[in-house]
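**Q** Take a look at the following structure, please.
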Amino acid sequence: MNKLVHLKYYLVIAVILPLLNNIVFPQSAQLLRGKEAYDNGRYAEAAAVFSEHLKTDPYNYNVHGFYINSLIGLKKYDEAIAASEKAETMFPSVAELLLVQAKLYIMIQQFQKAEKQLIRYLAVMPEDKDSKEILGKVYQNIGIVYYEKKDYESALVYFRKALPYAPGNAELHYNVVSLLIGTKKIKEAQRELESAMKKFPYDNKFKELYADVLFENKQFDKAVTYLEKRTMQQPDNIGDALKLGLAYRYNGEPDKALSLYNRMIKKHPEEKELYLAKSGYYSLYSDYKKMREVYADMAKHLPDKAEWKKKYAATFKDEGYPDSAIHYYKQIFLNDTSDAKLLITVAKIYTKENKDTDAIKQLEEIAEYDPANFNMFNLLHELYIKHSMKDKALASGINFYARYPYHHLSSYALGKSWLVNAGYDSALKYLGIAKRLNSKFAPAIFEMGVTYASLGNIKEAAELFKISIDRCINGMADSRNQAMQAVADGSGNVDLLKMGNIEQLNSDIEVMEVIFDSSFAFLRTNLTDEEYLLFLGRKLDLYPADVSLIVKMAGYYESKRKTEDAVLWYNKALFLNSDNIAAHRAIAGIYEKEGKYNQALMSWKRVLSIQPKNSVAYDEIIRLSVKSGYLSKLCDEWLAVYSVSKDPVLKERLLEALHKAGRKEEARAIL
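Quick note on my numbering: the sequence shown kicks off at 53 and runs consecutively.
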């Protein structure tokens, strides 16, 4: 969602009954004393006098006005509203009182109540231009309220209502376009933007946004034409050049993008984003050598050499040379031992390579340089738990909590450490603290369930597992959305920091998937069929499009050998997410049990199309092909694909299939 410009409340100062100061009261000592107090800013005294007078003279309109004004002077807006509403019942023909109430509602930011009163007032006074302008600002404020609640559709409705009252407000037009883009109404956004560009021809923010809209509409050729014109007019505009490079790439003209990057880097060797865009171009082709050349060039022209060295090292990790990456990260660290993040990265590489012993050693070394490093504690604790190093886990957890007592992860780490050491009361204490500090954190709730289950309290454990399932559903959805939004920066270059975030988000999703499955496994074992189905049904009522829940329902019917119902539910899951591996595999298993080998094969082929290097899918396809007499046709299919792709993984499995089919000469020809 694009950020709105000038996102603030437009408050309107209420000028209540402006003619009152010119009123001449009858000679009454009480009223004269009240007006003298009001004129001199003694609003409490004035309000008391006017309130008292109204008890004996309730139909004196002017006194009502001064009383309301006195309350406003005291900033008692709720009381002023009540007083104006009372006056309205007594003087229903005085439309000005509706305007008074509207302005008071604006002052306490109850914009929808203000809207209602302004509409009533303008029905009586349709020519009041000032009040129309106020209504436009009220609509704008209501839009802002909805925007802050992330109700973008409602925000858009009210911003559009505001437009007729503020035709010259460029920011309002920009906000409407931004919301149209954010709510994926891209064609409408383009129409609105083109109209705004005609109204505000010299406002550059509309021109900058136009290229983004063309990208969203996949009008890449039009984007190229538009941006080429802009770059001719502003040849040194880095932002336009980056967008033009992206447009070239999307339009199937990558050589033009590379030429543009090189040309701009020559003119602006100090501009970091240009180098990142060029390295992003090479990353599309996994040309890590060229990426390293770009980073080496950056180091020559830009001051922070360590940053580029880190990117240089990261290319080895991405290329599949972890030892080289570790070597370079450690070299950078030796030049600056204050940057313990480098060793954290090294430890993470070790864990990915299943070298947990090296990872633990590396993390323990960090304590010498940075004894309070948060990530060091967090990762080290996980590894101690994973390898049943109970004493070290507890000591590390205690230290972690002592240094970060108000962070949910330190409380969670200590709670889990006590759990593996069978200190159940302490486990519940610290896991409970983690839950209070972050009520959305599913692992703490799940481990509390595990603790109660260990104590034999199945009922309490089940309730906690139910809550953890809810947290996982929402947490996985949030993480997936964040991962989708974090893939690329504005230049189209894959940003390494964001990629790091994506790695963390994917890791979080994996953890939540395990918790989700484990929680359901416990409930399936400890609830009756009726209780389990009731719980699952209620969850599906709340989250009808959650694929994980649909797969669980399918699994239930499969366990009951109701295969038709199971396949129906698995297909519902695939309708929502055709890439769901679990559903394809399950359907394949059902079809095989029913002797429908060709249909089972089709399901495994879909798995392979989603994950082209899935070894299990290859094994199952070959096995089922042998079983169904389809092996020779499979060999023909894979030979045709291999002749084009030359994929080394496919080659290995094709050779296996050819040997099993007795087609050894063809196998030798491939070798």
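Idealized CB from N, CA, C, for every residue including glycine. Since this is a predicted model, take the numbers as computed values, not measurements.
For a test of the three-state rule: what should DSSP assign to His433, helix, strand or coil?
**A** In the sequence shown, the residue the question calls residue 433 occupies position 381. DSSP places His433 in helix when its eight states are reduced to three.
**Q** Here's the rule: buried if 16 or more other CB atoms are within 10 angstroms of the residue's CB, otherwise exposed. What is Asp264?
**A** Taking the first residue of the sequence shown as position 1, residue 264 is located at position 212. That one is buried.
**Q** Return helix, strand or coil for His460, following the three-state DSSP convention.
**A** Taking the first residue of the sequence shown as position 1, residue 460 is located at position 408. In the structure shown, His460 sits in a helix (DSSP, three-state: H, G or I).
**Q** By the three-class DSSP mapping on this structure, what secondary structure does Phe517 have?
**A** Here residue 517 corresponds to residue number 465 of the sequence shown, with the count starting at 1. If DSSP states are grouped into helix, strand and coil, Phe517 belongs with the helices.
**Q** Check each candidate in Met441, Tyr191, Tyr381 and name the one with the smallest Cα separation from Ala399.
**A** Position 347 of the sequence shown, counted from the start, is the residue given in the question as residue 399. It is Tyr381.
**Q** Tell me whether Val146 sits in a helix, a strand or coil according to DSSP, three-state version.
**A** Within the sequence shown, the letter at position 94 stands for residue 146. Coil.
**Q** State the CB to CB distance for the pair Leu106 and Tyr119, rounded to an integer number of angstroms; the pair is presumed to be in contact (CB under 8 angstroms).
**A** Taking the first residue of the sequence shown as position 1, residue 106 is located at position 54. Taking the first residue of the sequence shown as position 1, residue 119 is located at position 67. Rounded, the Cβ-Cβ distance is 7 angstroms, consistent with contact.
**Q** Do Ile567 and Arg532 have their C-beta atoms closer together than 9 angstroms?
**A** As a first step, residue 567 must be located in the sequence shown, where it is residue number 515. As a first step, residue 532 must be located in the sequence shown, where it is residue number 480. No, Cβ-Cβ distance for Ile567 and Arg532 is not below 9 angstroms.
**Q** In whole angstroms, what separates the C-alpha of Asp443 from that of Asp203?
**A** Here residue 443 refers to the residue found at position 391 of the sequence shown. Here residue 203 refers to the residue found at position 151 of the sequence shown. The alpha-carbon atoms of Asp443 and Asp203 are separated by roughly 49 angstroms.
**Q** Quick one: residues in its chain with C-beta nearer than 7 angstroms to the C-beta of Val101, no 5 flanking neighbours on either side, listed in chain order?
**A** Sequence index remark: in the sequence shown, residue 101 carries index 49 (1-based). Within the same chain, Val101 has close Cβ partners Gln82, Arg85, Gly86, Ala89.
**Q** Quick one: what does DSSP say Lys281 is sitting in, helix, strand or coil?
**A** Along the sequence shown, one-based indexing puts residue 281 at 229. Helix.
**Q** Would Leu310 and Leu296 be called neighbours here (beta carbons separated by less than 9 angstroms)?
**A** In the sequence shown, the residue the question calls residue 310 occupies position 258. In the sequence shown, the residue the question calls residue 296 occupies position 244. In terms of Cβ geometry, Leu310 and Leu296 do not form a close pair [threshold 9 angstroms].
**Q** Looking only at its own chain, which residues have a Cβ that is under 6 angstroms from the Cβ of Asp598, when we skip the five neighbours before and after it?
**A** Within the sequence shown, numbered from 1, the residue matching residue 598 stands at position 546. Taken in chain order, the residues that qualify are Ile525.
**Q** Looking at the structure shown, is Asp203 part of a helix, part of a strand, or coil, going by DSSP?
**A** Indexing the sequence shown from 1 puts residue 203 at position 151. Reduced to three states, the DSSP call for Asp203 is coil.
**Q** Buried or exposed: where does Arg705 fall if 16 or more other Cβ atoms within 10 Å of its Cβ makes it buried?
**A** Counted from its first residue, the sequence shown places residue 705 at position 653. By the 10 Å Cβ count, Arg705 comes out buried.
**Q** Return the chain-ordered list of same chain residues with a C-beta closer than 7 angstroms to the C-beta of Arg576, the five sequence neighbours on each side being excluded.
**A** Walking along the sequence shown from the start, residue 576 turns up at place 524. So the qualifying residues of the chain are Tyr584.
**Q** Inspect the beta-carbon positions of Tyr333 and Tyr347 and report whether they are closer than 9 angstroms.
**A** Numbered from 1 along the sequence shown, position 281 holds the residue referred to as residue 333. Numbered from 1 along the sequence shown, position 295 holds the residue referred to as residue 347. Cβ distance not < 9 angstroms, so Tyr333 and Tyr347 don't count as in contact.
**Q** What alpha helix (DSSP H) runs, 4 residues minimum, are completely inside the segment 602 to 665?
**A** 615 to 628, 633 to 645, 649 to 662
**Q** Ignore the nearest five residues each way along the sequence and tell me which others in Glu499's own chain have a CB closer than 8 angstroms to its CB.
**A** Here residue 499 refers to the residue found at position 447 when the sequence shown is read from its first residue. Same-chain partners within the cutoff: Tyr464, Gly467, Lys468, Leu471, Ala479, Leu483.
**Q** Taking Ile450 as the reference, which of Gln286, Tyr608, Ala424 has the closest Cα?
**A** Against the sequence shown, residue 450 aligns to sequence position 398. Nearest option by C-alpha distance: Ala424.
**Q** Report all residues from its chain with a CB closer than 8 angstroms to the CB of Gly714; omit the five preceding and five following residues, and keep chain order.
**A** On the sequence shown, residue 714 is found 662 positions in, with the first residue counted as 1. So the list is empty, once near-sequence residues are dropped.
**Q** How many Å lie between Leu123 and Tyr95 at the Cα?
**A** The sequence position of residue 123 within the sequence shown is 71, counting from 1. The sequence position of residue 95 within the sequence shown is 43, counting from 1. C-alpha separation (whole angstroms): 7 angstroms.
**Q** Where does Asn735 fall in DSSP's three states?
**A** No information on residue 735 is available, as it lies outside the stretch 53 to 723 that the chain covers here.
**Q** Output yes or no for whether 9 angstroms exceeds the beta carbon distance between Tyr278 and Ala248.
**A** In the sequence shown, counting from the first residue as 1, residue 278 sits at position 226. In the sequence shown, counting from the first residue as 1, residue 248 sits at position 196. The answer is no: Cβ separation not under 9 angstroms.
**Q** Could you round the C-beta distance between Val229 and Ala241 to whole angstroms and report it? I think they count as a contact, below 8 angstroms.
**A** The residue labelled residue 229 in the question sits at position 177 within the sequence shown. The residue labelled residue 241 in the question sits at position 189 within the sequence shown. Between Ala241 and Val229 the Cβ distance is about 5 angstroms, and since that is below 8 angstroms, they are a contact.
**Q** When you compare the CB of Gly297 with every CB in chain B, is at least one pair closer than 9 angstroms?
**A** Structure shown: chain B not included; a single protein chain is present.
**Q** Drop a sphere of 10 angstroms on the beta-carbon of Ser667, count the other beta-carbons inside from all chains shown, and report buried for 16 or more, exposed for fewer.
**A** On the sequence shown, position 615 is the one that residue 667 refers to. The residue in question, Ser667, is exposed, as its Cβ has fewer than 16 Cβ neighbours within 10 Å.
**Q** Alpha helix (DSSP H) containing Phe452: first to last residue?
**A** Reading the sequence shown from its first residue, position 400 is the one you call residue 452. 442 to 455 is the span of the alpha helix (DSSP H), which, as asked, contains Phe452.
**Q** Cutting at 8 angstroms between CB atoms, please list the residues of its own chain near Thr283, excluding the five before and the five after it.
**A** To locate residue 283, count along the sequence shown from 1; it is residue 231. So the qualifying residues of the chain are Asn289, Asp292, Ala293, Leu296.
**Q** Between which two residues does the alpha helix (DSSP H) containing Thr397 stretch?
**A** The residue labelled residue 397 in the question sits at position 345 within the sequence shown. Residues 393 to 404.
**Q** Do you know offhand how far Ile485's Cα is from Ala640's?
**A** Start at 1 with the first residue of the sequence shown, and residue 485 comes out as number 433. Start at 1 with the first residue of the sequence shown, and residue 640 comes out as number 588. Here the alpha carbons of Ala640 and Ile485 stand approximately 45 angstroms from one another.
**Q** Should Glu167 and Gln153 be called a contact, given that it needs their Cβ atoms to be closer than 9 angstroms?
**A** Position 115 of the sequence shown, counted from the first residue, corresponds to residue 167. Position 101 of the sequence shown, counted from the first residue, corresponds to residue 153. No. Outside cutoff.
**Q** Note down the Cα distance separating Lys438 from Leu702, rounded to an integer number of angstroms.
**A** Residue 438 sits at position 386 when you count from the first residue of the sequence shown. Residue 702 sits at position 650 when you count from the first residue of the sequence shown. About 35 angstroms.
**Q** As a quick exercise: from Lys330, Met441, Pro178, Glu416, pick the residue whose alpha carbon is nearest that of Phe429.
**A** Translated into the one-based positions of the sequence shown, residue 429 becomes position 377. Considering only alpha carbons, the answer is Glu416.
**Q** Apply the 10 Å Cβ neighbour rule to Gly286 and answer buried if 16 or more other Cβ atoms are within range, or exposed otherwise.
**A** Residue numbering aside, residue 286 sits at position 234 when the sequence shown is read from its first letter. Strictly speaking, residue 286 in this sequence is Gln, with Gly absent from that position. In the assembly as shown, Gln286 is an exposed residue. Its beta-carbon has fewer than 16 other beta-carbons within 10 Å.
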